[in-house]
Every structure is written in structure tokens, then in C-alpha cells.
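As numbered in mature numbering (1 follows the signal peptide of the UniProt record, and there is no 0), residues -30 to -1, 1 to 583 make up the sequence shown, in order. C-beta atoms are modelled at their ideal positions from N, C-alpha and C, and glycine is treated no differently.
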Amino acid sequence: MGVGPSGAPRAAPRALLLILTLLLAAAVPAAGQSTRSASPEADSGGEVTLRVGIQQEFDSLNPFLGFSLASTSVFRLIYPTLTTYGAEDFSVVPELATDWKSSADKLSWTFHIRQGVHWSDGEPVTAGDVAYTFNRMMDDPAAATANGNYVEGFTSVTAPDDRTVVIRTTSPQATMRSIAVPIVPEHVWSSVDDVAEFANQRMPIVGNGPFIATEYRPQQFLTLRANEDFWRGTPNVDRLRFVNFENSDAAVQALRKGEIDVVRDLTPTQFDALRGAENIRRVRGKGRRFYEIVLNPGAANSAGEPIGTGHPALRDPRVRRAIDRAIDREVLVERVLGGYGTVGAGYLPPIFEDYYWTPPPRARRPFSIESANRALDEAGYPRGPDGARHGPAGRPLDFEFVLHGDSSTDALVGEFVKEWLSRLGIRVRLRPVSDNQVNQRTTAGDFDMVVSGWSVNPDPDYVLRLQTCGARPKPGGGGLPDSFLCDRRYDELYARQLAEFDHSERVELVERAQRRFHRMATGLILFYPNALEAYRSDRFAGFMLQPTEGGVITAQQGYWGYYRARPTEQARAASGGAGYRSAAFVIVGVALLGAVVLASVAARRRRTAEHRE
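What follows is the structure, given as C-alpha cells:
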């Protein structure tokens, strides 16, 4: 080993540098590899991500346009509403509005807006944002696509100051305390000229909810970050990610592997298969959805002009009622739902006991192939020599049945209905398509039969309105119909229940509206499925169910389940441990390397000084 002028070993710094360089080379790739492998399903940087598997596409991230279950659940997380539904029992509780009062005639409502609340970009949330949101919906037909029913009766919305909103209506509206409209920031949306063409995919999305949308890859995932300035307090999880799967089987496999933490909309078979699975806990809740078959009664737009491709025979209510008699709902609940659900009856599900209605014995249409065949014979739809039924004009009863292509429930229902109707001499062609195509075809009236279903709010007005003439699309597009019912008697009952503030009187009117809907048979309510979901108990706990008794994690009437979720110590360790160790290793290595470099520089300086001296 050579010796320098100072007598110190000259090779020692170089050797130490080489050793540290090798150590750093081993550490840095590991850290780099962790970053590269941080897929949408992985935690990084010590953060804990709650990963939720979904099978439905986001129809839009624009809160004026999106109405799918996937989209509306996200809007609840990133945008404020005036009020929300409490987790315990769906009662109305303050949200952006701290309190409210009405005039004696119920035509003027004053809401006081919470103070000290800010949008995620730091701008204050004011009453002006609320007024802007509602006025945009009132003035711009495109902005009324998803929630226009809430503002149909508004005459004016003003903000006399930053903390006060005044809404005036043409007639009393019982829904004023539960307006489920996402409020948007005026300073962002006022620059949006064309709402219909605005995807709202520029990240991060400016909002005010418990989470902030930060990354979106269509048909792959949507990532939300915890809003540290949320007025109720920061969520317990650092990030929330919705991961898209082509089908629920893939989502369940990802749950088993620990690639996601929550999966909803399980099939009964999947739910049963997860019984006893390690580190997985199941949740069976009361369902808020009704599942129906819509029969096209002759779709028309708001001007009364026929649209779509519906079969003319389905315009006859006698044909629709005969089809209803040929569907065995008890078989569907047992064979399709595995018993996890309730036989369909009225329009509204039994979770909302006050509004639940079931047809009285004289109005029921029990399953009977014989009665259905007899009804079609009497209505003038005879069988031909080949056994197929024909209408008065000779056209065969040959119906296309549109289904959600990624839904095993739809597939099973389709096969059962196809077989039952074949016994009536009716041919059914199953047509599975994407979720968005189902929505598009339904709104355009481009179907004979289609599977539909809606999640019902604690206040039933939203889904009741779907059956009115006012829900039909405008000649230029838009609208949000369900079955194109458009019946004068139904519309009268709908208007009366909306204006009724006496609860018992309103319940009676809602029941009468359901009775009329059942009579017209444009939508055949098959069943109310239980909400089946599961989660990784080794990673998360503390989920708040909505409602408390018989509720679910992923309830769409609030953000409680995700907001209250609490990572386990195991989840914290898994997300932060390896990353912190790599980081610590690199930091120590850099510090040692720095010390060696300084020592080497000092030694060279000494050697240079000695040489000069």
C-alpha cells in the first residue's frame, strides 16, 4: 500500500468510496424498483391506500352529467352538498349548510353556509358557489342532465351575502331539505362554456369533500387523496382508489390476493365462496336498489315525437301485463340471487319502510304461464302455425333484450326470461352490451326490453320523477327517463307528493303513484337484491355502515364508510416499513459518503499544502 506525504494510506478513501458506492447501488435500485412497481394497486411513500374494486364504468366525472352509481358515489366524496344523510338512519343532517328555514308558505328557503370552508385550491367556499351551481342548472339544459329535477320548480336562487343562499320556488317542494346536488366552485366552472362536452378530467379536480381526485385513467382507476382541510377532519386513510375490473370474478380474485381492499356488488356465489376466507370479512346489507325489466311502451321525446326502435306490441299494456305474469320472481330470488334479496313488488325497496308498497291481492299478477297465454289470446295476439305469436298487423312478437354485458345477474335473468317467454310464443334475443351503451340505448328508446335499476334515496322523489313526462329527453337530446311512462294520472300524483309536507299524507300519495306505475307495467320490478360486499380485515377496520342496522360500507348516500375507514397496524407497517428502511439506508449511505468525500478533500488539501510549503 503506498503512503502519501502525510503518512496516511492513500487508498483507504478510495476503498471506502467503492464500498459505499456498491452499497448505495444496491439500495437505490431497490428504492427505484419500489417506485416503478407502485402500480395503481400498491401503496408508496408510506401512505396507506384504501383500494375499492368496481365493475361499473364512470359514465362521467362531470357532476352535471354523471348519474351512474360509480360516478355519483365519487361526487359525494369530492363535492359538497347542502345537506347529507346521516349514517345511522338516513336522517337529513347539515353538510355545507349549517341550518335552514322556510317561509310560512314554503315558497322561500334560506340556507346558511358553513364558515371557514375552502375549496381544495385554497379559494373560500361561499354562497355564491351554491347560487352559481343551481343557476347553471336552471339556465343550461346540459347542466340539468343528472339532477335537473331538483331545480325544475325553482324560480330564483340568490346569494345576498357570502354566507346566505335564498331559494324561491313556484310551489312547495318537500325535497328542499334533501337536495342531493353536488356544489361546484364558480371560479372553476364559470370558464366552462360547454358543459355537455366537458369531461372534468383535469387533475386534481377542485372540490371540497373529504377526498380530492388526483389521478384518472379511464376504465382503469381513479385515485383520490385525503383532504387534510376537510371541515369534519382529515380522513383516516391517505388515499382512496377505485380500481376498474371487467367483471366481479376478477375483483374477487384481486381481493383474495390482497391487491384490493374492498369489493362491492358481489354475486351470491362469490359471497358464499368467501365464507371463512382468511383475512376477509363479508358484509350483507339491506339493498337500496330495485332491479327491473323496462318494456318500451312507445318512447317519445318531450315534444311527443316518437323515438327509438321499440316493438309496437309493447305499446299495448295488456301485452306488458301478460309478460309480467310469465316471470317467476321467487325463482329469480332463489336461483339468481341465491336467496340474498326480496321478491319485487312496488317501485321502492323495503329498506325504506314508510314508502314501501306491495300490491294488494286483487292487483297482483302471480306467476302463471297459463294466465299469460290466455291474456295474450284475449288481447288479439294469436299463435301462428309455428307456435310464434303475432300482432294484429302480422308482425311476430320478437323482442331484443338489452343486458349489461359484464353482469352475471343480467345474464342469468336473461336466460330465465327468454325461456319463460318462449312458452308464450314470444322470441327473445339477448343483447349484452357495455354499461354506457345500456344508458345510451335506454335514453334513446333504442330497445324492446332492457334491464334497468336504480339506487333509491331516502327521499323517493328522484326515482319517482324518472317515470314522469318531464323526464323524457328533449328533441335535441338529454333527459333521464327510465321507462318512458308519461301517464297523466301518474304525473298528477307525482306533483302532489312533491308539494306535500305532511309525512303521512305524502306516504299515501307515493303509494298511489306506485300503484299506478304497477298498473301500467312499463317497468317490471323483479327483486330488491341485498348489498353484498367484502373487505380485507387485515388491512382495514372501523368502517361505518349506513344505516347502522343492516347497512353497508359502500352506501351511496354519504361518504361515511370510506371516511371512517381505519388502517390496521399491519397496513401501516406494510405501506411504510420497506420504504422507510430503503430511505433510511440511502440517507445513512449518503451521509457516510459525504463524510468520506469531505475527509478525502481535506486530505488532498493537506497534501497540497505540504507540497507547496
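- For H281, the three-state secondary structure derived from DSSP is coil.
- Judged by pairs of C-beta atoms under 8 Å, the segment 461 to 473 does not touch the segment 261 to 280, as fewer than three such pairs exist.
- Under DSSP, D368 forms a beta bridge with R397.
- D131 sits in a strand when the DSSP states are folded into three classes.
- For I321, there is no enclosing alpha helix (DSSP H), as DSSP marks it with neither H nor E.
- Looking only at V306, R106, C439, the smallest Cα-Cα distance to L496 is reached by V306.
- Here T115 is near L35, since their CB atoms are less than 7 Å apart.
- In this structure the segment 414 to 433 lies against the segment 135 to 155, because at least three pairs of beta carbons, one per stretch, are closer than 8 Å.
- Across the set H281, T412, M419, Y460, the C-alpha of T412 shows the shortest separation from the C-alpha of G447.
- By the C-beta criterion, the segment 307 to 318 is judged not to be in contact with the segment 279 to 296, since fewer than 3 inter-stretch pairs fall below 8 Å.
- Shown here for F215: same chain residues with a beta carbon closer than 6 Å to its own, the five before and five after excluded, namely G23, Q25, A221 in chain order.
- When Cβ pairs closer than 8 Å are counted between the two stretches, the segment 236 to 251 is seen not to touch the segment 31 to 45, the count staying below three.
- Taking the Cβ atoms as the reference, V62 lies roughly 5 Å from T53, within the contact range of under 8 Å.
- When DSSP states are grouped into helix, strand and coil, M173 belongs to the coil group.
- Separation of W530 and Q516 (C-alpha to C-alpha, rounded to the nearest whole angstrom) is 7 Å.
- For F191, the enclosing beta strand (DSSP E) stretches over residues 191 to 196.
- Here the segment 250 to 259 lies against the segment 319 to 335, with 3 or more beta-carbon pairs under 8 Å apart.
- In the three-state reduction of the DSSP assignment, F386 falls in the helix class.
- Residue environment analysis places M173 among the exposed positions, since fewer than 16 neighbouring C-beta atoms fall within 10 angstroms of its C-beta.
- In the three-state reduction of the DSSP assignment, V136 falls in the strand class, which pools E and B.
- Taking the Cα of L66 as reference, the smallest distance to any Cα among R209, S72, Q85 is reached at Q85.
- Contact annotation: I230 and A504 have beta-carbon atoms that are not nearer than 7 Å.
- With respect to the 7 Å criterion, A535 and L194 are not classified as neighbours on the basis of their beta carbons.
- Take the alpha-carbon of G423 and the one of F487: they are about 15 Å apart.
- Contact between N217 and D376 holds: their C-beta atoms lie close to 5 Å from each other, under 8 Å.
- The C-beta separation of L494 from L265 comes to about 7 Å, placing the pair in contact by the 8 Å criterion.
- The Cβ neighbour count for E248, taken over all protein chains shown within 10 Å, is under 16; the residue is labelled exposed.
- For F497, there is no enclosing alpha helix (DSSP H); the residue is found in the beta strand (DSSP E) stretching over 493 to 499.
- Within the model, the alpha-carbon separation for G520 versus D59 is close to 10 Å.
- Apart from sequence neighbours up to five positions away, the residues of its chain that approach L302 with a beta-carbon distance below 7 Å are V383, F386, L496, F497, ordered along the chain.
- Taking F200 as the centre and dropping the five residues before and after it, the same chain places the C-beta of P180 closer than 6 Å to its C-beta, in chain order.
- Between L455 and Q437, the C-beta gap is smaller than 7 Å, which places the two residues in contact.
- Shown here, S341 sits in a helix according to DSSP, grouped into three states.
- For F417, no alpha helix (DSSP H) encloses it, and the DSSP letter there is neither H nor E.
- DSSP, reduced to helix, strand and coil, places V408 within a helical segment of the structure shown.
- Counting only the Cα atoms, G357 lies some 43 Å from R234.
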